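Please read the structure below before turning to the comments.
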Amino acid sequence: MTDFDPERFAVIADIHSNSDALEAVLGDIADQGIDSIVNLGDHLSGPMAARETAEVLMASGMRCIRGNHDRWLLEQAPEDMGSIDRVAFDQLEQRHLDWLRSLPPTMQLTDDIFACHGTPTSDTTYWMEAVSPKGDVLPRPRAEVAAEATGIKGSLLLCGHTHLPRRMDLPDGRVVLNPGSVGCPAYFDDTPVYHLVQTGTGAACYAVVQKGRHGWATAFRHVPYDPRRMIEMAKSADHPHWEPRLTSGWVD
């Protein structure tokens, strides 16, 4: 594992086996002169290039935690997995699964920086969003977001899971940051009710974080890349509906 620079670093999340989007983001991070990366999970589940993605991540030395789909790849029998988890599982060797198993669900990177996938206590809960009974994805009230941070040490709290790039400043001055999704800019879910999460762009997304005199400066970067190979892999895995997601960030 490489040294971590807590003053300036990149945050990525939710690759979902999109290795071409990952390579584009890693190239952009290098172009920014950034050496340190925090990866917030959901690495390999997706109907694309799970093995390729695993190989890149395992060789990278970046700080990684485990997401809910990573956990399901380890906990569920193959026949019980969701379809995108099963596509990924069938590509992976035991050493890839062992790497996933070695990852913690959360990480205290420094006294000032905490990382989780969903919330500090759940990898399946949205931290900064709430789903209405009608399926609308709305900003979660700030008091509820702050309540999830009770007892967590750090002024910068990192999360992923919703694939939506967002920053929220809490009443006590702490920052909650979601870097968006590297490899899956739109999806649907049926928990707690059916809803769509759509970013409206096919670009691979991540965040750059820098500690300044007055607090945390954060910036989202949307990186264009060619998704055609990933789309063909998804189609070959019987997931043609991923094409509009990868090209436009909308669920068709």
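Residue 1 is where the sequence shown starts when you use UniProt numbering, and the numbers rise one by one after that.
Where is the CB? At the ideal position from N, CA and C, for every residue including glycine.
Source: prediction; values computed, not measured.
Within the same chain, no residue comes within 6 Å of residue 142 by CB-CB distance, once the 5 residues on both sides are set aside. By the neighbour-count criterion, in which a residue is buried when 16 or more other Cβ atoms sit within 10 angstroms of its Cβ, residue 45 is buried. DSSP, reduced to helix, strand and coil, places residue 78 within a helical segment of the structure shown.
Contact check for residue 202 against residue 157 fails: the beta carbons are separated by 8 Å or more.
The DSSP assignment places complete beta strand (DSSP E) segments of no fewer than 3 residues inside the segment 107-194 at 113-116, 129-131, 137-139, 156-158, 166-169, 175-178 and 186-189, in order along the chain.
Residue 251 has its alpha-carbon roughly 35 Å from the corresponding atom of residue 152. Using a Cβ distance threshold of 8 Å, residue 199 and residue 164 count as a contacting pair. Taken atom to atom, the span from the alpha-carbon of residue 109 to that of residue 36 is near 12 Å.
Under the three-state reduction of DSSP, residue 249 is assigned to coil, being neither helix nor strand. Look at residue 204 here: in three-state DSSP terms it is strand.
With contacts defined as CB atoms closer than 8 Å, residue 67 and residue 41 qualify as a contacting pair.
When rounded, the separation of the alpha-carbon atoms in residue 105 and residue 28 is 27 Å. Taking C-beta atoms under 8 Å as the contact rule, residue 103 and residue 85 fail to qualify, at a distance of about 16 Å. Put simply, the segment 124-133 does not touch the segment 89-103. Fewer than three CB pairs are less than 8 Å apart.
Residue 145 and residue 172 have their C-alpha atoms some 12 Å from each other.
Between residue 59 and the set 47, 79, 149 and 26, the nearest pair of CA atoms involves 26. Residue 220: member of the beta strand (DSSP E) spanning 215-223, first to last residue. Residue 21 places its beta carbon less than 8 Å from that of residue 204.
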